[in-house]
Amino acid sequence: MKVMIVEDEVLLAMELESEVEIAGHEVTGIAMSSSQAREKIGASRPDFAFVDIHLKDGPTGIEVGRELAAAGIPYVFVSGNIKKIPEDFAGAVGAIEKPYTMNGMKNALAYVSAIVAGDDPGLPPVSLVLANASAGAEPASCKADPHYKYGLGGRS
Numbered sequence: 000m001k002v003m004i005v006e007d008e009v010l011l012a013m014e015l016e017s018e019v020e021i022a023g024h025e026v027t028g029i030a031m032s033s034s035q036a037r038e039k040i041g042a043s044r045p046d047f048a049f050v051d052i053h054l055k056d057g058p059t060g061i062e063v064g065r066e067l068a069a070a071g072i073p074y075v076f077v078s079g080n081i082k083k084i085p086e087d088f089a090g091a092v093g094a095i096e097k098p099y100t101m102n103g104m105k106n107a108l109a110y111v112s113a114i115v116a117g118d119d120p121g122l123p124p125v126s127l128v129l130a131n132a133s134a135g136a137e138p139a140s141c142k143a144d145p146h147y148k149y150g151l152g153g154r155s
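Take 0 as the starting number for the sequence shown in numbering that gives the first Met the number 0 and just add one per residue.
Printed below as a string of structure tokens:
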């Protein structure tokens, strides 16, 4: 799976890049601002993205997320304050709250990888807060995926 990382904290981005590669995936790029993210979305067409809410150019990660969702690219927010995520989750599959553990990130990546591959992901890991269907927020990137039946509105 091709993964894009949108994160302005260099050490966190590098650590996440390492974990993604150890899990057998390819990192197509790291973006630290919304403009860098837009360039990388167009240039590399990732299969999935991790997106921080607050980037170098401000709280623009939500805009980046909406663009990913519009392009049909599933993504997960990675943020120190997931309360800043809109009720509709801006089309995200879910969110991982910072600080996160590498094991939690690895489990979330495995879950999302199964969704992207069209496989049954099983139960979502506790590290992944899923979009809430009761708020009318079905992730746009998963609407067409018949396997995406887990997690909307809580644990299944």
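Quick reminder that beta carbons are idealized off the backbone N, C-alpha and C, glycines included. Predicted model only: the values in this text are computed from it and were never measured.
- Proximity of the region 14 to 27 to the region 60 to 73 falls short of the contact definition, fewer than three beta-carbon pairs being nearer than 8 Å.
- Ranked by Cα distance from Ala-22, the first of Gly-117, Asp-119, Val-111 is Val-111.
- By alpha-carbon distance to Val-50, the top candidate from Glu-25, His-24, Glu-86, Gly-90 is Gly-90.
- By the criterion of at least three beta-carbon pairs nearer than 8 Å, the region 5 to 13 is in contact with the region 35 to 55.
- Per DSSP, Met-101 lies in no beta strand (DSSP E) segment; the continuous alpha helix (DSSP H) that holds it begins and ends at 101 to 116.
- Its chain contains Lys-1, Met-3, Thr-27, Gly-28 as the residues whose beta carbon lies nearer than 8 Å to that of Ser-43, once the 5 sequence neighbours on both sides are disregarded; these appear in chain order.
- Annotated three-state conformation of Ala-22 is coil, per DSSP.
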